[in-house]
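What follows is a short report on a single structure.
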Amino acid sequence: MSQFDYLVVGAGFAGAVCAQQLAEEGKSVLVIDKRPHIGGNAYDCKDEHGVIIHPYGPHIFHTNSKKVFEYLSRFTDWRYYEHRVLAVVNGEHYPLPINRTTINRLYGLDLDETGVGAYLDKVREPRDPIRSSEDVVLNSVGPDLCEKFFRGYTRKQWGMDLSELSAGVAARIPTRTNDDDRYFGDSFQFMPAQGYTAMFTRMLAHPNITVRTATALDEIRGHVTWGHMVYSGPIDAFFEHRFGKLPYRSLSFEHQHLPDVQQLQSVGTVNYPNDHAYTRITEFKHLTGQMCEGTSTVREYPQAEGEPYYPIPRADNEALFKRYSELVEQEQSVTFVGRLAEYRYYNMDQVVGAALTTVKKLKNK
Ligand code: FAD
Ligand code: UDP
19 MSQFDYLVVG
29 AGFAGAVCAQ
39 QLAEEGKSVL
49 VIDKRPHIGG
59 NAYDCKDEHG
69 VIIHPYGPHI
79 FHTNSKKVFE
89 YLSRFTDWRY
99 YEHRVLAVVN
109 GEHYPLPINR
119 TTINRLYGLD
129 LDETGVGAYL
139 DKVREPRDPI
149 RSSEDVVLNS
159 VGPDLCEKFF
169 RGYTRKQWGM
179 DLSELSAGVA
189 ARIPTRTNDD
199 DRYFGDSFQF
209 MPAQGYTAMF
219 TRMLAHPNIT
229 VRTATALDEI
239 RGHVTWGHMV
249 YSGPIDAFFE
259 HRFGKLPYRS
269 LSFEHQHLPD
279 VQQLQSVGTV
289 NYPNDHAYTR
299 ITEFKHLTGQ
309 MCEGTSTVRE
319 YPQAEGEPYY
329 PIPRADNEAL
339 FKRYSELVEQ
349 EQSVTFVGRL
359 AEYRYYNMDQ
369 VVGAALTTVK
379 KLKNK
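When you read off a place in the sequence shown, starting at 1, and then add 18, the result is the number in our numbering.
This is the structure in structure tokens:
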């Protein structure tokens, strides 16, 4: 029977960072993933037409953490990329996050920055305290912009109303009074120059790391031994749903290749808050900078069942997660880290940050 110091379940950001850090400390690490590849949801590859795509939906790297950026820079070069999004409202394309251009074009105005600030002050519905995502949106932009840009999209994405979701969900989208039309405001906005999979390959290339893909945790129990486990899958599945299922939101991805189109959209992503069953269409060439014939896109259709992609931030789900995390405290031989294991709506950089902190504690044990 093979023996390892650590078993890492999941080869996404959480698992790869932990494995890399432990291997560097001289530990032997087995990384498994039930999928046939590394990278978790950030995995990228070429489609059958040679266009680089993200099979699990568009992944754009952005962070304010110099530490995270410098850490990942050990495993990749970067390509400068600032993501831009347009939202279609009544057949017209408007910049999102809402900015000066959005307001002026939507309402036929010609306001300067101060004017837009005053306009928003007039239309906003001040809320205190701010508890739900509805509070966030009404408090910043008022009811008309809420209905046009947020309520329908949120209903599609989560299968519930803005008022039923924690404030943090809508708070991801800022409101601007200037002309800044970038989706993210972070100080580091780059894509891995050779892609995410290449970056993960380098992270896991350490001689102390063994990688087995297409291998689920249940399949290796009894065949391998380990001293400590790092688990990055869904926390409720680990405990066999003892307290009931934690809700995760799923998606189905519709990939399309257009051989005769060089560029379908003027920006990387177009959102459809009020039309269609999908939330958004992303055209990958914008994200990757690839120069090639034809173009490939993905439409995201939210759904309740299927692969768990998003924790659903709500007080009752948080309470159920807390019950599972009490079990975690008793589980001395397992460490839980990542978006599914911590039930946190983490971006990639936040997972890297969380994994670096977690593994540091592990190393000090
Ligand atoms: P995951 O990437 O989910 O990895 C967990 C891995 O564990 C999976 O590969 C799974 O197969 C494996 N696993 C689970 N259970 C088992 C088991 N029992 N046995 C073996 N293996 C198992 N973040 C950004 O920063 N920017 C973006 O633009 C962005 N876009 C996104 C778009 C979509 C559609 C989605 C769903 C997420 C997006 N994210 C984005 C978030 C990003 O995907 C996550 O923050 C990050 O990938 C989470 O890493 P992780 O390692 O925690 O989890
Ligand atoms: N959102 C919205 N309209 C949009 C874009 C976003 O209402 O056009 C809301 C929606 O609730 C969404 C949340 O803001 O789930 C966060 O959006 P983000 O683009 O960050 O979601 P992700 O990329 O994680 O799916």
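Backbone N, C-alpha and C fix where the C-beta goes; we use that ideal spot for every residue, glycine too.
Quantities reported herein were computed from a predicted structural model and do not represent experimental measurements.
Near the ligand UDP: residue i beta-carbon under 7 angstroms from a heavy atom
{"i": "Arg190", "result": "yes"}
{"i": "Pro73", "result": "no"}
{"i": "Tyr171", "result": "yes"}
{"i": "Ala105", "result": "yes"}
{"i": "Ser151", "result": "yes"}
{"i": "Gln368", "result": "no"}
Expected contact under 8 angstroms - CB spacing of residue i and residue j to nearest Å
{"i": "Leu40", "j": "Val47", "result": "5 angstroms"}
{"i": "Ser270", "j": "Gln321", "result": "6 angstroms"}
{"i": "Leu183", "j": "Ser150", "result": "6 angstroms"}
{"i": "Asp367", "j": "Val86", "result": "5 angstroms"}
{"i": "Pro277", "j": "Gly312", "result": "4 angstroms"}
{"i": "Ile227", "j": "Leu163", "result": "Actually they do not touch by this definition, with Cβ atoms about 49 angstroms apart."}
{"i": "Phe256", "j": "Thr81", "result": "Between Thr81 and Phe256 the Cβ distance is about 28 angstroms, and since that is not below 8 angstroms, they are no contact."}
Reduced DSSP category for residue i - H, G, I as helix; E, B as strand; rest coil
{"i": "Asn292", "result": "coil"}
{"i": "Ser20", "result": "strand"}
{"i": "Leu305", "result": "helix"}
{"i": "Cys310", "result": "coil"}
{"i": "Ala232", "result": "coil"}
{"i": "Thr297", "result": "coil"}
{"i": "Met366", "result": "helix"}
{"i": "Tyr319", "result": "strand"}
{"i": "Pro73", "result": "coil"}
{"i": "Glu143", "result": "coil"}
{"i": "Met221", "result": "helix"}
{"i": "Pro161", "result": "helix"}
{"i": "Arg97", "result": "strand"}
{"i": "Ser151", "result": "helix"}
{"i": "Gly245", "result": "strand"}
Exposure of residue i, with buried meaning 16 or more beta-carbon neighbours within 10 Å
{"i": "Asp153", "result": "buried"}
{"i": "Leu127", "result": "exposed"}
{"i": "Pro147", "result": "exposed"}
{"i": "Tyr201", "result": "buried"}
{"i": "Arg239", "result": "exposed"}
{"i": "Arg230", "result": "exposed"}
Cβ-heavy atom distance, residue i to the ligand FAD, below 7 angstroms
{"i": "Asn59", "result": "yes"}
{"i": "Ile50", "result": "yes"}
{"i": "Asn365", "result": "yes"}
{"i": "Gly240", "result": "no"}
{"i": "Leu90", "result": "no"}
{"i": "Leu269", "result": "yes"}
{"i": "Val47", "result": "no"}
{"i": "Pro320", "result": "no"}
{"i": "Ala234", "result": "yes"}
{"i": "Pro76", "result": "yes"}
{"i": "Ser223", "result": "Note on identity: in this sequence residue 223 is Ala, with Ser being the wrong assignment. Result no, Cβ not under 7 angstroms from the ligand FAD."}
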